[in-house]
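Working notes for the structure below.
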Amino acid sequence: MTTDHHDAVQELPDLAENLAKVEELSQRIMSAVAKKPPVNPALEGPGQDLISKTTSAYLAELMENPTRIFENQLKYWTKSVQHFADAQEAMQQGGYAVPADSSPTDKRFSNPLWETNPYFNFVKQQYQINAEAVQDTVAGLGSIEGKDRQRLEFFAKQIVDLLSPTNFLGTNPDALEKAVETQGQSLIDGLQNLVRDLENGDGDLLVSLADQDAFEVGKNIATCEGSVVFRNRMFELIQFKPTTETVHKTPLILFPPWINKYYVLDLKPQNSLIRWIVDQGYTLFVVSWVNPDESYADVGMDNYIEEGYLTAIDTVKAITNEPQVNAVGYCIAGTTLSVVLGLLAKRGDKSVKSATFFTTMTDFSDQGEFGVFLENDFVDGIEAQIERDGLLKSYFMSRTFSYLRSNDLVYGPAIRSYMMGEAPPAFDLLFWNGDSTNLPGRMAREYLRGLCQGNALANEGFEVFGETMRLSDVKIPVCSIACETDHIAAWKSCFSGFAQFGSKSKKFILSESGHIAGIVNPPSKKKYGHFLNEASVKDADEWKSGASFHNGSWWGEWESWLSKRSGKQVESRKTGGENHPELCAAPGTYVL
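Using this note's numbering, the letters of the sequence shown correspond one by one to residues 47 to 638.
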């Protein structure tokens, strides 16, 4: 160590002290990682089949069209050498200058040093040259088509995003600047954040997206007034307290997905769809699903239908003394609702008057971005994990959904938390996003194999309770709300299933934005608009080309449709009833 370096460290006693803490934290990291259960490779990346196909396609291209391969390589070599030469020349001429930079804008490289510092600028430009070379190579593999191409492009992008220089301390100017500014405290804080996430995950790493101490369910989130009026092993039924003197005669029951908690629709008063529905004069019931443990391993779709949907519908009818309800299903709960409606039709049961679907796929012929995880390599891995644990743990679902938006939900938060030492933000939506649930083993298998891979509802039919249901069996009035940039339930796929319903009365609404923000879009924000087209068409592109755009939320448009199917006004109802006492206040116990 030189004298100058020793003096510099002596002048930064906090830095020296902080660096000494690294060893202690490293030991805790190693201890946490040691608790990680054995990794099933099938859940960590695509199977050997895709890798073999890619290798074969590259070799075939090299044999059949070597010119294209050599052109791509030459392009990469030329750009790399030219970039190096330009950087050298700029340094020689200006002393501390960067070469001309025409690289594309990327929010990851927003720090001015990426443009002004020769080192960081060189690293950034070379990374972008490398990324372009990978993309060109993948694009040139003409023999890979269909789902294999979609998956190859997705996983190639994952590798490119993983290797971004922003993801490494030595090539991230934001992290390095903060480390110097805080005399290393940011690195210590970052390691502590990493230790926390590893210990909370028993060795599995899932980046904390929100401050877990900033919210308490029932206190400052999920606060709409109501009561649990029914409970069984599958769900709690919450009836929300009316805010109007009169209500529509026909009650409304909402089925949220059991992958997450219901309160995404009741995050805070100003963006609560639940509160807004109640304020429009509806008697609203919401199902709050149980978070299953290993004892639910043999619970399947039939249990969710019989002990969940049908029981909830019967309970609402009994409490309100009404012969019919209107129903809403969100995402996977909407998919299952379509099965329930088909079953009721087969039985001649008219308990459901109309149905609304939020971001619901029922035709899985085009699975969108999420389809990369629905091939046999991943589903086989999920089945193996289910066989071991009895359920599909929430960790795997959360991680999978995060990697569909890896820069926003994985690498960006990891950089801020682990390299910058920042605390996760107090963000209600991200708090909810991290509050995910497990899935029963048999149900997960039936859903993935039967509905997703087999596309049973749109093909030969999905069998339950001795009946075979198809989309055409749904005859009641339906309304479907899809979201334009939804990366989980692509809107065109939602439209395809909707178009196959046998209903004579059908309404489709396309909201701007994505899977959550497009639905949780209150009129007061005047943020995202929506598209409408009353024409009866079967093709999504044709529907969109003929649609008119409307500013603001779709909520009012849907309520106008719903009110026409909700009967006359009656005196507002108290929560519960003689045979259904209030068990506890909303949000209940299952949500906790």
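Cβ atoms here follow ideal geometry from the backbone N, Cα and C, with glycine treated the same way.
Measure the Cβ-Cβ separation of residue i and residue j and say whether it is below 8 Å.
i	j	result
M465	L215	yes
G548	K584	no
A78	E245	yes
T382	Y355	yes
I527	S557	yes
V332	P338	no
F155	A133	no
H576	E603	yes
Y636	P486	no
L629	V275	yes
P84	S334	no
P112	V144	no
I301	L389	Note that residue 301 is Phe in the sequence shown, not Ile. It is not a contact, given that the beta carbons lie outside the stated cut-off.
V253	S463	yes
D248	K125	no
I378	I305	yes
S618	L517	no
I68	L237	The question names Ile, yet the displayed sequence has Val at residue 68. Yes, Cβ-Cβ distance for V68 and L237 is below 8 Å.
Specify the secondary structure class of residue i as computed by DSSP and reduced to three states.
i	result
W604	helix
R619	coil
N317	helix
A563	coil
M280	coil
D50	Summary for D50: the model assigns pLDDT 48, below 50, so the residue's position carries little reliability; its value from the coordinates is reported in the next sentence. D50: helix per DSSP, three-state reduction.
H533	coil
C540	helix
Q285	strand
K392	helix
Q56	Because the pLDDT at Q56 is just 48, under 50, the model does not fix this residue reliably, and the value given afterwards should be weighed accordingly. Three-state DSSP puts Q56 in a helix.
H626	strand
Q231	helix
T124	helix
S149	coil
T290	coil
L643	Absent from the model: residue 643. The displayed extent of the chain is 47 to 638, so no value can be given.
V169	helix
L19	Absent from the model: residue 19. The displayed extent of the chain is 47 to 638, so no value can be given.
L438	strand
D454	helix
R611	coil
T357	helix
N163	coil
T446	helix
D257	coil
A66	helix
Y636	coil
L503	helix
If I follow the unbroken alpha helix (DSSP H) through residue i, where does it start and stop?
i	result
I428	422-435
F201	192-208
R488	487-492
T101	94-110
Residue i bridges to which residues according to DSSP?
i	result
K553	C525
N306	S482
M515	F508
A631	S273
N372	L298, S400
F331	Q285, I299
S594	L578
I267	V263
From which residue to which residue does the beta strand (DSSP E) around residue i run?
i	result
T402	398-404
| said: For the pair the region 424-444 and the region 201-217, tell me if three or more CB-CB distances fall below 8 Å. | reply: no
| query | Three or more C-beta pairs closer than 8 Å, one from the region 278-294 and one from the region 500-508: is that the case here? | reply | no
| said: Contact between the region 307-325 and the region 253-273 is defined here as three or more beta-carbon pairs at a separation below 8 Å; is this criterion met? | reply: yes
| request: Check whether the region 393-403 touches the region 364-379, taking contact to mean three or more Cβ pairs, one atom from each stretch, closer than 8 Å. | output: yes
| Is the number of C-beta pairs between the region 70-86 and the region 179-191 that are closer than 8 Å three or more? | no
| Stretch pair the region 287-301 + the region 538-555: three plus CB contacts closer than 8 Å | no
| query | Does the count of Cβ pairs from the region 433-442 and the region 92-100 closer than 8 Å reach three? | reply | no
| field | Cβ contact (3+ pairs, closer than 8 Å) linking the region 470-485 and the region 253-267 | value | yes
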